[in-house]
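With the first sequence counted from 1, adding 55 to any position gets you our numbering. A virtual CB, placed ideally from N, CA and C, is assigned to each residue, including glycine. None of the values given here were measured: they were computed from a predicted structure.
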Amino acid sequence: MTYAWLDAPATAVADTARQLVGWLAVANGVTIRLTETEAYAGLGGDPASHAHRGRTSRNAAMFGPAGHLYLYRIYGMHTCANVTCGPAGQPAGVLLRAGEVVSGVDVARSRRPSAKRDIDLASGPARLVEALDLPLTAYGTSVVDGTGPLTLRPPAEPVPDKRVVAGPRVGVTAAHDLAWRFWIADDPTVSAYRRHVPRTSRKDPRGMS
DNA sequence: GGACAGATTCTT
DNA sequence: AGAATCTGTCCC
């Protein structure tokens, strides 16, 4: 399968993020309708991007062709999923921030025992990955040709523009002015927006003990 | 070699 | 508001 965004330049990553709102993410018996996405560029223009400092073993997938999984571990315990955009050599990606489980709810619940309500099953990037049970071994696999565990499918009807809101990215200080987060207005599965706040109490701030 | 902050989530 | 807990980056 081929889609227009697969051939879009990396500079169009925000448009791609917008388009992917409403798409279906299918993996391991669970289907999630994406309600929230976030765009990340790379070299040069986007200090918040993992690719901003150049290629590493972790972000290598972002430097590859579009339509592949860039998975990364965050805070030592959670995994987040991006879909790569742009041609090889031009890093860009769309973070799958949240979605609504539309099939396989029982399976998703068993993977997310802490979720109190169904709308909490995938209401965050790490929650979404856990609901889909995407292992790190799926790193770099295609999301459009069926060879990997995750497949992205377009919705029957695109989400109309008037239903999609754009705003600042979550948890990001750099480039705070960019409205590169997209979500469906009033959707209960959209992750709660939190202004970036530095971590507290990593160590005794006074150096006393 | 070491300190630190982070595209988070869950519990107090 | 704090904890769990790993890694790239920056600064010795």
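Do residue i and residue j have their C-beta atoms closer together than 7 Å?
i	j	result
Tyr127	Cys135	yes
Val81	Val162	no
Leu89	Leu75	yes
Ala177	Ile87	yes
Run the CB neighbour count on residue i, radius 10 Å, all protein chains shown included, and call it buried at 16 or more, exposed below.
i	result
Ala211	exposed
Leu150	buried
His231	exposed
Val198	buried
Asp242	buried
Pro146	buried
Val219	buried
Leu191	exposed
Val157	exposed
Among the residues of its own chain, which have a CB less than 7 Å from the CB of residue i, if the five just before and after it don't count?
i	result
Trp235	Ala69, Ala72, Glu93, Ala94 and Arg224
Glu185	Arg166 and Arg167
What's the C-alpha gap between residue i and residue j?
i	j	result
Arg164	Ala221	29 Å
Glu91	Val245	6 Å
Tyr194	Lys171	29 Å
Leu233	Ala103	11 Å
Tyr58	Asp200	11 Å
Gly131	Asn137	17 Å
Met117	Arg208	21 Å
Leu313	Gly159	The question about residue 313 has no answer here: the residues shown for the chain are numbered 56 through 264.
Gly279	Asp101	This structure cannot speak to residue 279, because the chain is shown only from 56 to 264.
His105	Gly148	10 Å
Val214	Asp175	21 Å
Gly179	Ala153	5 Å
Asn114	Arg108	10 Å
Leu183	Glu155	9 Å
Thr196	Met56	14 Å
Lys217	Gly77	13 Å
Per DSSP, which residues does residue i bridge with? Please list them.
i	result
Asn137	Tyr125 and Leu150
Ala82	Val85 and Leu205
Gly222	Arg236
Ala94	Val149
Val156	Ile87
Report all residues from its chain with a CB closer than 6 Å to the CB of residue i; omit the five preceding and five following residues, and keep chain order.
i	result
Leu61	Ala121 and Gly122
Starting from the C-beta of residue i, find all residues in its chain whose C-beta is less than 8 Å away, skip the five residues before and the five after it, and write them out in chain order.
i	result
Leu189	Ala82, Asn83, Leu124, Leu126, Thr134, Ala136, Pro204 and Leu205
Ala65	Ala96, Gly97, Cys140, Gly141, Pro142, Gln145, Pro146 and Ala147
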